[in-house]
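Take the sequence shown: its letters are residues 11 to 209, numbered as in the working numbering. For reference, the structure discussed in these notes is given below.
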Amino acid sequence: MRPDENTLQQLAMPDAEVYFAPAFIRSPQSDVYFERLLREANWQQESIKLFGREVPMPRLTAWYGDKAYTYSGLQNKPQPWLPVLQELREKVEQASGQKYNSVLLNFYRTGQDSMGWHADNEPELGRQPSIASLSFGGERRFAFKHRTRQDLRPVPLILSHGSLLLMQGPTQHHWLHQVPKTSKSVQPRINLTFRFVNS
Numbered sequence: 011m012r013p014d015e016n017t018l019q020q021l022a023m024p025d026a027e028v029y030f031a032p033a034f035i036r037s038p039q040s041d042v043y044f045e046r047l048l049r050e051a052n053w054q055q056e057s058i059k060l061f062g063r064e065v066p067m068p069r070l071t072a073w074y075g076d077k078a079y080t081y082s083g084l085q086n087k088p089q090p091w092l093p094v095l096q097e098l099r100e101k102v103e104q105a106s107g108q109k110y111n112s113v114l115l116n117f118y119r120t121g122q123d124s125m126g127w128h129a130d131n132e133p134e135l136g137r138q139p140s141i142a143s144l145s146f147g148g149e150r151r152f153a154f155k156h157r158t159r160q161d162l163r164p165v166p167l168i169l170s171h172g173s174l175l176l177m178q179g180p181t182q183h184h185w186l187h188q189v190p191k192t193s194k195s196v197q198p199r200i201n202l203t204f205r206f207v208n209s
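Below you can see the structure in the form of structure tokens.
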């Protein structure tokens, strides 16, 4: 492992402020976090409205923190912080220099679990939100695409076990991101996106 793999390095993306550390938390410790989150989180299969129909989300989710939060028309009431989430929040806050009061957990069980193109730009996140995305478990492909500039190619990333992706500044205004489906055999993945929700 290169010495800089556990520290955040800025990606060369215009109209954005994105940092990535592929091995922010090293493997033996990441294994422990994955097992704890799998066992301790209160995972739910939520449904969202799509073209007037209720459809199950293609992943399991859990919302923890100090504030309620609405996305995709889904009202999330916060559950109290688990010790493992408090521990991870402190690590992420120290690395990013930001404060977070909430976290959304996503559990991708297979390659068919996914997240479509979107931006984390809900009004309660503020004008320039800081989103810290921590991944445990199987590697998954991730991509950014610019909202308006056709001359820019999508920016691909591999979200590895123990990686930290930090999106802040104008990123959510100018870029969309996704975790696409894959037909490849992949291991289950847990993702935590820490954010600061305003009252």
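By construction, the Cβ of each residue, glycine as well, lies at the ideal position given by its N, Cα and C atoms.
What does a CB cutoff of less than 6 Å around residue i pick up in its chain, not counting 5 residues either side in sequence?
i: Leu167; result: Phe152
i: Ser193; result: none
i: Asp76; result: Asn111
i: Ser140; result: Gln108 and Gln178
Since residue i contacts residue j with CB under 8 Å, what's their CB separation in whole angstroms?
i: Phe117; j: Ile35; result: Wrong, their Cβ atoms sit about 18 Å apart, outside the cutoff.
i: Gln89; j: Ala72; result: 7 Å
i: Phe146; j: Tyr43; result: 5 Å
i: Glu50; j: Leu21; result: Incorrect: roughly 32 Å between the Cβ atoms, too far for contact.
Tell me the rounded alpha-carbon separation between residue i and residue j.
i: Trp185; j: Leu115; result: 22 Å
i: Asp130; j: Thr120; result: 23 Å
i: Thr80; j: Met23; result: 28 Å
i: Val113; j: Arg157; result: 25 Å
i: Ile58; j: Gln182; result: 22 Å
What are the start and end residues of the alpha helix (DSSP H) that includes residue i?
i: Ala105; result: Pro93 to Ser106
i: His156; result: Where His156 is concerned, there is no enclosing alpha helix (DSSP H), although the beta strand (DSSP E) it sits in stretches over Arg150 to His156.
i: Gln182; result: Thr181 to His184
Going by DSSP, which residues form a beta bridge with residue i?
i: Val207; result: In the DSSP output, where bridge partners are listed per residue, Val207 has none listed.
i: Ile35; result: Per DSSP, none; premise fails for Ile35.
i: Thr71; result: Gln54 and Asn116
i: Leu175; result: Phe30 and Ser143
Grab the span of the beta strand (DSSP E) containing residue i for me, first residue to last.
i: Leu167; result: Val165 to Leu169
i: Glu15; result: No beta strand (DSSP E) holds Glu15; DSSP gives it neither H nor E.
What residues in its chain sit with their C-beta under 7 Å from that of residue i, if we drop five residues either side in the sequence?
i: Leu48; result: Ile200
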